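Comments concern the structure below.
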Amino acid sequence: MADIGNHVGVYSKALDLRAQRHQMLASNIANADTPHYKARDFDFQQAMATAMSGRVGDAALPMATTARGHLAGSGDSGGVRLQYRSETQSAVDGNTVDMDVERAQIADNAIQYQILTQLIGDKFRGLRTAMSGTQG
Numbered sequence: 679m680a681d682i683g684n685h686v687g688v689y690s691k692a693l694d695l696r697a698q699r700h701q702m703l704a705s706n707i708a709n710a711d712t713p714h715y716k717a718r719d720f721d722f723q724q725a726m727a728t729a730m731s732g733r734v735g736d737a738a739l740p741m742a743t744t745a746r747g748h749l750a751g752s753g754d755s756g757g758v759r760l761q762y763r764s765e766t767q768s769a770v771d772g773n774t775v776d777m778d779v780e781r782a783q784i785a786d787n788a789i790q791y792q793i794l795t796q797l798i799g800d801k802f803r804g805l806r807t808a809m810s811g812t813q814g
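Taking my numbering, I'd label the letters of the sequence shown as residues 679 to 814.
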């Protein structure tokens, strides 16, 4: 039974990271016309390795509170190390978002997310089949 928990845990962490990456890429696309915006991303393999090792990523920053009524946030970026994407084309306004790169990355990330959901569904379908085969 621990094996099932491990498999589902790995898939769950991978889905969380894929969803976080999708948000990051969507943020890049949303800021394509923002002057001096620097496109960001993270290395999925490195983030997954960090998540599986149980370590907290080194990207967490303390949140600054400027008034007594502010809530203290964790500043946690989900254990991923955010990086600025290397510039592929120079823009007059200093923006580093390349829409072709962002579209390709978001499409690839969406496919990877879909594959993960299919794997989870197949795992549970197999478990359901195995349980129904042992009854009777």
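Cβ coordinates follow ideal geometry from the N, Cα and C atoms, glycine included.
If you're wondering where the values come from, they're calculated on a predicted model, not measured in any experiment.
{"Asked": "Of the listed residues 795, 806, 771, nearest to residue 710 (C-alpha basis)", "Found": "771"}
{"Asked": "Alpha-carbon to alpha-carbon, residue 807 and residue 780", "Found": "40 Å"}
{"Asked": "Same chain, Cβ closer than 8 Å to residue 696, five either side skipped, listed in chain order", "Found": "722, 787, 790, 791, 794"}
{"Asked": "Exposure of residue 802, with buried meaning 16 or more beta-carbon neighbours within 10 Å", "Found": "exposed"}
{"Asked": "Paired residues, beta bridge with residue 762 - DSSP", "Found": "718"}
{"Asked": "Three-state class that DSSP yields for residue 746 in the structure shown", "Found": "coil"}
{"Asked": "Between the CA atoms of residue 805 and residue 728 - distance to the nearest angstrom", "Found": "29 Å"}
{"Asked": "Proximal residues to residue 712 (C-beta, below 7 Å), its chain only, five neighbours per side dropped", "Found": "773"}
{"Asked": "Among 810, 778, 809, 724, the one whose alpha carbon lies nearest that of residue 703", "Found": "778"}
{"Asked": "Status (buried if at least 16 other CB within 10 Å, exposed otherwise) for residue 719", "Found": "buried"}
{"Asked": "Residue of 811, 759, 743 minimising C-alpha distance to residue 698", "Found": "759"}
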